[in-house]
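This report concerns only the one structure given below.
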Amino acid sequence: MNVRSKLKFALPSEEVTSYYFNLSPKMFDKFMELRNWIYELSESNETIGEIEECLKWGEPSFLTPKTKSGSTIRIAKVDDSEFVLYFNCKTTIAKEISIEFPELKCDGKRALYFATKTKLPKSKLIVCLKKALLYHKRNTEISRATD
């Protein structure tokens, strides 16, 4: 399959493009899968709003600057066989994930690890990504439901 066909959403800058195109093909595929899910969630939920993608600490990071609904998500290569989803360590996102999905390799503080050779658990990761992308709106959503 053509690499460009995996790019459902335009890359924002030369720096981000360079980062992705320097990954191994397997790692690139996993990063694109996660990236596509983040953008799809953004498009399907106006509370999340527009995603800003940039490099933070030299790694692809996803923010919600207009709505401020979410906490930053970062994707990083650990080594040739493993990568990680990072969440802000000052949030409860990773702890919640470790409780809700104990079968996932989560440190409970800020990181969720994956092997490049395994299939990503889409439905579980969608829940995890939503937790991060809507982190700052949770209390608002809860208070609306109880009014």
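Sequential numbering of the sequence shown, starting at 32, is according to my numbering. Ideal Cβ placement from N, Cα and C applies to all residues, glycine included.
Quick one: residues in its chain with C-beta nearer than 6 Å to the C-beta of residue i, no 5 flanking neighbours on either side, listed in chain order?
i	result
Ser129	Cys137, Gly139
Val115	Ala107, Val109, Ala142, Tyr144
Residue range of the alpha helix (DSSP H) that residue i falls in?
i	result
Leu156	153 to 164
Lys168	Where Lys168 is concerned, there is no enclosing alpha helix (DSSP H), given that its DSSP letter is neither H nor E.
Ile126	It is Lys, not Ile, that sits at residue 126 in the sequence shown. Looking at the DSSP string, the run of the alpha helix (DSSP H) that includes Lys126 is 124 to 131.
So, under 8 Å CB-CB, residue i and residue j are touching, yes? Tell me the CB distance rounded to an integer number of Å.
i	j	result
Thr95	Ile106	Their Cβ separation, rounded to whole angstroms, is 16 Å, which puts Thr95 and Ile106 out of contact at 8 Å.
Ile69	Ile104	7 Å
In the DSSP assignment, what residue or residues form a beta bridge with residue i?
i	result
Phe145	Phe114
Lys136	Tyr144
Can you name, in chain order, every residue of its own chain whose Cβ lies under 7 Å from the Cβ of residue i, other than the five neighbours on each side?
i	result
Phe46	One detail in the question is off: residue 46 reads as Glu in this sequence, not Phe. Excluding residues within five positions, the ones whose Cβ falls inside 7 Å are Leu86.
Please work out which residues of its chain come closer than 8 Å, Cβ to Cβ, to residue i, disregarding the five sequence neighbours upstream and downstream, and give them in chain order.
i	result
Leu72	Ile79, Ile157, Leu160, Lys161, Leu164
At a cut-off of 8 Å, would you count residue i as near the ligand COA, judging by its Cβ distance to the nearest heavy atom?
i	result
Cys137	Inclusion of the ligand COA in the displayed structure is not the case, the ligand content being empty and no account of it being possible.
(message) Please give me, in chain order, every unbroken run of the alpha helix (DSSP H) with length at least 4 that falls completely inside the segment 39 to 117.
(response) Listed in chain order, the complete alpha helix (DSSP H) runs (minimum 4 residues) inside the segment 39 to 117 are 45 to 52, 56 to 75.
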